[in-house]
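As numbered in mature numbering (1 follows the signal peptide of the UniProt record, and there is no 0), residues -19 to -1, 1 to 198 make up the sequence shown, in order.
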Amino acid sequence: MTRVAVVTGAARGVGAAVAVGLAAAGLDIAVVDEDDAACGPTVEAVSRLGRRAVATGTGDGWDAALHRVAERLGEPTVLVNAVCPEAGPALSGWALADWAARVETVLYGAFAASRAASEYMMREWWGRIVTVAVGTAPTTTEALLGLTRTLALECEPFGIAVNAVASHLPAVPVELSVPNPAPTAPGGDPFAAAVRAVSMLAGPDASGLSGQVLYVA
């Protein structure tokens, strides 16, 4: 059975790299981004690997978005939260409205996605939730790691492993000119280590591993 993975923030950057990496590992991919119109290159890269891919936004809510995914690809049992905006200024440099928007995008988004996706996973008694905290502000990164540990405790009885991947890589747009995200030489792909870590945590090898954070260079 081919598993279906939902990858958020997948129009660009580490999210796009993760989506293509999971496709290379044999998963069908739901490419999710706030700007779903920008998901085309990722969908095309996944399709070139012979996997099915759909793009969807979440403007009408996560429940509706995942219902569309389930109808078009099948029920998702893997979720990767990979919304990683740039770190931004020091805390003293944030306007309150901008900070609230950042928390809603990163933290609330990961919570809402995880809650909606976990319902499908609980029915299967199997699932993987991986949150990527790459290049984000330290405060939101720590909040994501706390969310990961809490979800791990709640989801463990249902066979759902919840983990995180963290690093200090820049969360910047990258071109998807090459479908295979694995580097051909050291330093060839800034997201390669994160993609490998996510691929491991999203697969069967993560059985019994939950509530953990893998730090990658």
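Glycine included, C-beta positions come from ideal geometry on N, C-alpha and C.
On a predicted model such as this, the values are computed, not experimentally measured, just so you know.
Around the Cβ of residue i, are there at least 16 other Cβ atoms within 10 angstroms (buried) or fewer (exposed)?
| i | result |
| --- | --- |
| Asp148 | The sequence given here has Ser at residue 148, not Asp. The residue in question, Ser148, is buried, as its Cβ has 16 or more Cβ neighbours within 10 Å. |
| Met(-19) | exposed |
| Asp41 | exposed |
| Leu72 | exposed |
| Gly2 | buried |
| Ala198 | exposed |
| Pro57 | buried |
| Pro138 | exposed |
Can the beta-carbon of residue i be found closer than 8 Å to that of residue j?
| i | j | result |
| --- | --- | --- |
| Val64 | Val179 | no |
| Thr86 | Thr112 | no |
| Ala11 | Val(-16) | yes |
| Ala183 | Val27 | no |
| Ala(-4) | Thr23 | yes |
| residue 209 | Val(-14) | Outside the shown range of the chain (-19 to 198) lies residue 209, about which nothing can therefore be said. |
| Ala51 | Tyr101 | yes |
| Asp17 | Arg32 | no |
| Arg109 | Ala187 | yes |
Whole angstroms is fine: what's the gap from residue i's alpha carbon to residue j's?
| i | j | result |
| --- | --- | --- |
| Arg49 | Gly55 | 9 Å |
| Val13 | Leu132 | 21 Å |
| Ala(-1) | Pro119 | 24 Å |
| Trp80 | Ala124 | 14 Å |
| Val143 | Ser191 | 5 Å |
| Ile141 | Trp75 | 36 Å |
| Arg29 | Asp44 | 29 Å |
| Ala5 | Ala82 | 34 Å |
| Gly7 | Thr121 | 31 Å |
| Leu126 | Ala36 | 27 Å |
Which residue from the options puts its Cα closest to that of residue i?
| i | options | result |
| --- | --- | --- |
| Phe92 | Asp79, Ala(-3) and Thr(-12) | Thr(-12) |
| Ser95 | Pro171, Ala(-10), Leu8 and Glu135 | Glu135 |
| Gly(-7) | Glu25, Val176 and Val35 | Val176 |
| Leu195 | Asp170, Val146, Thr122 and Pro171 | Val146 |
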